[in-house]
Amino acid sequence: MTTPVHSHGPLVMEAKGLVKRYGNVTALDGADFELRAGEIMAVIGDNGAGKSSLIKALSGATIPDEGEVKLDGKVIHFKSPMDARKEGIETVYQDLAVAPAMTISENLFLGREIIKEGFFSRLLRIIDKKKMLDESIARMNDLKVGIRSMTQAVETLSGGQRQCVAVARSAAFARHVVILDEPTAALGVKEGNMVLELIRRVREKGLPVILISHNMPHVFEIADRIHIARLGKRACIVNPKNISMSDTVAVMTGAMRPDELPQQALA
Amino acid sequence: MTTPVHSHGPLVMEAKGLVKRYGNVTALDGADFELRAGEIMAVIGDNGAGKSSLIKALSGATIPDEGEVKLDGKVIHFKSPMDARKEGIETVYQDLAVAPAMTISENLFLGREIIKEGFFSRLLRIIDKKKMLDESIARMNDLKVGIRSMTQAVETLSGGQRQCVAVARSAAFARHVVILDEPTAALGVKEGNMVLELIRRVREKGLPVILISHNMPHVFEIADRIHIARLGKRACIVNPKNISMSDTVAVMTGAMRPDELPQQALA
Amino acid sequence: MSTAAATPKADTGSKMKLPPVATLGPLIALLIAVVFFSTQSDRFLSVQNFSLILQQVMVVGTIAIGQTLIILTAGIDLSCGMVMSLGGIVMTKLAVASGMNEYLAILCGILACMAFGLVNGLLVTRIKLPPFIVTLGTMNIAFAITQLYSGAQTITDLPPAMTFFGNTISLGGAALNYGTIFMIVLYIFMWWGLRDTQPGRHVYAVGNNPEATRLTGIATDKVLLMVYVTAGLFYGIASLLSVARTGVGDPNAGQTENLDAITAVVLGGTSLFGGRGIILGTLLGAVIVGVFRNGLTLMGVASVYQVLITGVLVILAVATDQLSRKGAR
Amino acid sequence: MSTAAATPKADTGSKMKLPPVATLGPLIALLIAVVFFSTQSDRFLSVQNFSLILQQVMVVGTIAIGQTLIILTAGIDLSCGMVMSLGGIVMTKLAVASGMNEYLAILCGILACMAFGLVNGLLVTRIKLPPFIVTLGTMNIAFAITQLYSGAQTITDLPPAMTFFGNTISLGGAALNYGTIFMIVLYIFMWWGLRDTQPGRHVYAVGNNPEATRLTGIATDKVLLMVYVTAGLFYGIASLLSVARTGVGDPNAGQTENLDAITAVVLGGTSLFGGRGIILGTLLGAVIVGVFRNGLTLMGVASVYQVLITGVLVILAVATDQLSRKGAR
Amino acid sequence: ADQPVVGLITKTDTNPFFVKMKEGAQAAATAQGAKLLSAAGKQDGDNAGQVTAIENMIAGGAKTILITPNDSKAIVPAIKKAQAQGVMFIALDSPTDPADAADALFATNNYTAGELIGKYAKVAMAGKPAKIATLDLFPGHPVGAQRHNGFMNGFGLKSLDAKSNELAKDAAVVCMADSFGDQAKGQTAMENCLQKNPDINLVYTINEPAAAGAYQALKNAGKEKGVVIVSVDGGCAGIKNVKAGVIAATSQQYPLKMASMGVEAGVAYAKNGTKAKGYTDTGVTLITDKPMAGVDSKDTKVGTDLCWGNK
Ligand SMILES: Nc1ncnc2c1ncn2[C@@H]1O[C@H](COP(=O)(O)OP(=O)(O)OP(=O)(O)O)[C@@H](O)[C@H]1O
Ligand SMILES: Nc1ncnc2c1ncn2[C@@H]1O[C@H](COP(=O)(O)OP(=O)(O)OP(=O)(O)O)[C@@H](O)[C@H]1O
Ligand SMILES: [Mg+2]
Ligand SMILES: [Mg+2]
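Chains as they are written, first to last, in the working numbering: chain A, 11 to 277; chain B, 11 to 277; chain C, 19 to 347; chain D, 19 to 347; chain E, 933 to 1243.
Quick look at the structure:
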């Protein structure tokens, strides 16, 4: 594994002091975040540590109560996921965002359907079903997912197959940042490795990736840096090449304080 | 790890030639299954291999088109999950079965609320909220899940926290068989280990467990036998102590045929 | 409680005692309306006028109990008013024209309503038809049977037992009738039943996530059937109250009660998507509608304008509710 | 296509061309009804009678297009009939009483309907109120405005442009009027639009899973707003057709059209939970209702019995649909 | 002294007949310095809504209530209860049952109105065998039944009495359908009737909008000539249609008169406690431009002078 070191690349995304409260639950409690160009940043943490809340704040799915988010050094205020999309940020959410009664092909292209050529078609926004179908088949083949028909409704797929649809969608359309919230959680060994492979390919395209995962072997295999979330804050960022899995887990669960770690373990 | 060997205990559950079709998709294509007393039987397989469909057929959530299921040697015909429950079979489904607007405590006891003492209370089926609350706290403490309030609606929990609620429910109430469909998929390292620990405790009570999981380290750590599902059928049952993880994955993904395995790897 | 002590973080349910947010919205709407009408008419703010309003919402309020149950399961019942009307005709005609014992006749009327509930429930659970369309059908059927059975004739000269609930008693200036008191008792009983009994919780669970509820082993179909039959029971009681209030068996009663009852339920904060809501809110919702009708009439507002204002206020009340919830978050 | 060739398992969409299951049920129901009425009345089965039925469903059919759009987004519109009525009054009164140019008057009537659609849409998307309650409110508002603006008076002596769609042309024995043909064209256009255009697919997506649709970056609120305004447009067209059919501006038109239109949509197989359904089914649903009304009158069935039979048949038709779907699985 | 308060409760808001009645009452109340409270049933047949309105008006201080009962029998207990509190009741347009439940009745007789057009139609058919279509109101409505049965009786067909709520049937009536008093539904009903029997030559309609709908259907079928349409109400739009030959004859009623008489009686009661009593027939007149021998009628000029609605 030759993992390129990007720890000193330019900052693509940066967040400071994010706070998000739900009633009397504080999901984010002054969380910081950073992501450098071309790196895979893993985000790990206990259940309820605020990982999903963090990336929702980064991708415009929720608006944080406090704190600021910067993209390429400029402060941004995403009002909706659409704003993030427009900036080329693609997200796969943990509770999968698919329209169950619609076909795989339609789900892949939801929100950016391919419009037929010609003035009339563009005016009426007529979609090119055939092209979308062909592209869908190509993309899913890239991922080597054995789904029989792209015109099948997503609700007829297994949990893992749905996961693949969602991941394929984000990989295909990102231009700036890819955010994945536990993309391999429901996946089989083969499909899981496929997704890891896909993530690497995304990085090779030069796009940075934020990867939330509970799967430590996966994280240590692929991440350039690891953001450890704890109790709604960032505990620290560690370098997977200079820290053991057990130390990482110890920090994550609170068994060890970040300042007990050796300096070179931090990143 | 001292894993008791139960491969020759009496058969608790047995299924032969299960077939389940959805339209033109055949989810189960003549699948067999067996479960012996006191063992942990892991079920692994690619996405869409029919694992969830198999356990749905075993737990009465779907009625198979063909094939028969035996419990303690007697052929059974579950018409609904209720029938399975009555036999003491508890299931955690992959797409979590929780009522989002209801509290954790209510969800834990859904369908078997504690009724207050006294003739009048039993007649009107008045629930004992206090007792349910106390019990909920006790159970969740067993699992060491840090949920602040048991009177919180389940919809306010993180994905992993919901998973814990569902697992705790089944562990608490099973009298015969526990079936878990990917119970650790959304869990953090700590919570995941907690669930594994819980599964062991269930086995110690003498109950057999069916565990579906994509997490190979978990499976090899805890399973007594491994059922490999492939293309809607059972490829084989292997003994995790006599087979390598990579051979197992090879069979699971179809890279190796089951009859290429050495005899002692099978169980 | 020793286990609870081990985790100080876990509270033992203090939240359960707080007033539920869902009824705050309608309460605010009601208060605003009361203040407004008090400034507009000096006859409005009196115990006597309020007891009058309560009497006026007695029938719709009782129907709305059944409607709330059904809406909590994510259903809807368009047939409620017509079924209520049928029940009234059955009980009065049996007693007056067929000379049946009056209590038996009342029972038959209520049973007729429950039979309709049963039919609705069976169609919803067995054939899995959408409640909207089932009750659209049974609404027409109940109407036609009512017309045919009564010969479109109003039935008068009722035995006294049938009008008992229309009799009033004085309670400190307020002349409440027995029917109103009975309705309030029913509300309190159902509020408690939905909150504190097993069948009550199962109603919420079914509305919340029917598939999950089925998977936990609850016989969701039985719960639904029970809900529809119980709703029929409340329509039956409402038909008795309606007969008692007007003193006749009226084949044309109940024609708009379905939308009125649904309005009360929704104003009361129960979600049309099921599983969320508190039945006492429905009573508030019914009272809000009654307050508007009474207040606007006292102000001398012409009835077309009353329709206009009711339309605006229905929206405003629910909007207040919605905004107050956002504020609470 | 080289990539597709690599996976022979993936079919390239042959399923898309099969007739959608959802319209099979209503089709069967319609066929049974036609066969039954043919045996009961020898006047029933004629091209001329069928063109008559189509004319009779023209108004409800056009309203039901808008209603289908809204139901596809998991909404419901109770205001449709009253809004249609308002549109008719606005266009006729402007032309007759205010002497406005007739085409401009028609435009104003349609715009009035669209304005109501806009209000419904804004309340649903901005304040997140449930469509049921929003349209219950605007239904009352539209009704009151109609009554006030018209003074409850029918408006007669319309300019010819307003009744153009009521003129008939002969098409091989059938005397179809232009309005009917226009309605059919609208259905075909909307069927295509919902299936083959981006906004159409977004309507389905919003109905299917609004949160997921929002997260993919589709502006769901804009889609909903567009749906409600478009529905208003169809109600406006319906008001023109209604005016053309009756030759007057009638303030009492449209009072039962909301339930009729919803019945047509549901009979046509569109799910009240949104996201599933085919608009051509709605046309079938509207025709089914028209066939029953026509057939029963031809049989000389008394109107109470017609209500009864309609109730039974609404349930039967949807049940047929439901059972045929199970069969198809 | 307190301003006298008079309540007016109509059947519905939507019928122009009642809208005019309300305008008449308002005009009379303004002229007499009284305050008018008005309310209506939510729809035809809504008794409970009228009961609620009675209660609210008493709470609002009304001492006289004018009511067009939606259900002549069903309203009686509520009236009795209110009378016990000293409120005077005047039934307008249609009587209560029993008629003496209200203190007074200012009304036209719907049965008589039906009889008039029935007699007219009989003569107009000139001995031709009649094939009749009746476009009625809707099931269970007393006014619908009274006008229908009056028409049948006037025409000399088998009929029911004025108290019946059922529609009489006769072999000469080849088609009966509900119009809901609405033009569009009347048109649909007539189209279906013509489909059933294309030889219909006499159409009875519940009111003039239904008659207009029937005419539209006949015209579309090219059969408007040679079919006699008769109706009831006498609204200005209806009279216009009589003039235009769309409707052959209609029985005209006088809502404005009923209302203003009622308000006057209410003011009198408030001032000196004299109660109105008994039945005052506000009259019904047959309006036609094609008078028939042996049937009293007035022409449309008279009809237009007396009609309600926009002339
Ligand atoms: N919509 C919401 N309403 C109320 N509380 C919420 C909501 N969303 C999240 N929370 C709470 O915020 C906290 C953080 O949740 P979050 O989903 O970010 O955790 P997570 O780190 O993603 O956990 P997991 O690994 O289980 O997915 C949790 O305690 C959760 O209960
Ligand atoms: N309700 C359904 N309708 C149609 N097809 C279905 C349905 N449920 C499952 N299937 C199909 O059956 C096959 C097996 O599904 P199943 O859920 O059993 O897989 P699985 O082994 O549990 O996969 P995963 O690991 O992804 O959960 C899949 O191809 C799926 O598309
Ligand atoms: Mg998460
Ligand atoms: Mg599965």
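C-beta: ideal position from N, C-alpha, C; glycine also.
All values reported here derive from a predicted model rather than from experimental measurement.
Chain-order list of residues whose beta-carbon lies under 6 Å from that of residue i (same chain, five-residue window excluded)
i, result
"D:ALA82", "ALA279, ALA282, VAL283, THR300, ALA304"
"C:ILE94", "PRO149, PHE150"
"C:GLY31", "Because the pLDDT of C:GLY31 is 33, which lies under 50, any placement of that residue in the model is unreliable, and the number read from its coordinates should be weighed accordingly. The answer is none, since no qualifying residue turns up."
"B:ALA275", "VAL248, ASN252, ILE253"
"B:LYS126", "ILE136, ASP138"
"C:MET100", "MET157, ALA160, PHE161, GLY272"
"E:VAL937", "LYS967, GLY993, ALA994"
"A:GLN1", "In the structure as shown, chain A begins at 11 and stops at 277. Residue 1 of chain A is therefore absent and cannot be evaluated."
Nearest-angstrom Cβ-Cβ length linking residue i and residue j, presumed shorter than 8 Å
i, j, result
"D:THR143", "D:LEU243", "6 Å"
"D:THR248", "D:LEU125", "Their Cβ separation, rounded to whole angstroms, is 16 Å, which puts D:THR248 and D:LEU125 out of contact at 8 Å."
"C:GLY218", "C:CYS131", "Not a contact, Cβ separation roughly 21 Å."
"D:ASN362", "C:VAL78", "In the structure as shown, chain D starts at 19 and stops at 347, and residue 362 of chain D therefore has no counterpart that could be examined."
"E:THR1236", "E:CYS1168", "7 Å"
"B:VAL53", "B:LEU221", "7 Å"
Cβ shell of residue i (< 7 Å), same chain only, five flanking positions each side left out
i, result
"C:MET317", "GLN58, SER59"
"C:THR80", "MET201, LEU204, PHE252, ILE255, ALA256, LEU259"
"C:PRO177", "ALA113, GLU120"
Under the three-state DSSP convention, the category residue i falls into
i, result
"D:PHE252", "helix"
"A:ASN57", "coil"
"C:LEU277", "helix"
"E:ASP1068", "strand"
"E:CYS1239", "coil"
"C:MET317", "coil"
"C:ALA82", "helix"
"B:GLN162", "coil"
"C:THR172", "coil"
"A:LEU28", "strand"
"D:ASN195", "strand"
Original post:
Can you list, in chain order, the stretches of the beta strand (DSSP E) that have 3 or more residues and sit fully within the region 206-259 of chain A?
Top reply: 219-222, 235-240, 243-248
Original post:
Pairing CB atoms from the region 163-170 of chain D with CB atoms from the region 288-296 of chain D, are three or more of them under 8 Å?
Top reply: No: the two stretches stay apart, fewer than three of their Cβ pairs being nearer than 8 Å.
**OP:** Kindly confirm or deny that the region 75-95 of chain A and the region 250-264 of chain A touch, where touching means at least three C-beta pairs closer than 8 Å.
**Re:** no
Original post:
Is there contact between the region 1005-1022 of chain E and the region 1199-1213 of chain E, where contact requires at least three CB pairs shorter than 8 Å?
Top reply: Two segments are said to touch when three or more pairs of C-beta atoms, one from each, lie closer than 8 Å; by this definition the region 1005-1022 of chain E touches the region 1199-1213 of chain E.
Original post:
Taking contact to mean at least 3 C-beta pairs separated by less than 8 Å, is the region 1077-1086 of chain E in contact with the region 1147-1157 of chain E?
Top reply: no
Original post:
Do three or more CB pairs link the region 118-134 of chain D to the region 181-193 of chain D at distances below 8 Å?
Top reply: No, the region 118-134 of chain D is not in contact with the region 181-193 of chain D.
Subject >> Touching by the beta-carbon criterion (3+ pairs, under 8 Å), the region 201-215 of chain C and the region 307-315 of chain C >> reply: no
Original post:
At what residue ranges does the region 944-996 of chain E contain a whole run of the alpha helix (DSSP H), taking only runs of 4 or more?
Top reply: 948-964, 979-991
Original post:
With a cut-off of 8 Å, do at least 3 Cβ pairs link the region 1130-1143 of chain E to the region 1164-1174 of chain E?
Top reply: yes
Subject >> Entirely enclosed beta strand (DSSP E) segments - the region 201-231 of chain D, minimum 3 residues >> reply: none
Original post:
Is the number of C-beta pairs between the region 1114-1124 of chain E and the region 1144-1151 of chain E that are closer than 8 Å three or more?
Top reply: yes
**OP:** Please list the segments of the beta strand (DSSP E) lying wholly inside the region 1099-1167 of chain E, counting only runs of 3 or more residues, in order along the chain.
**Re:** 1105-1110, 1134-1137, 1160-1165
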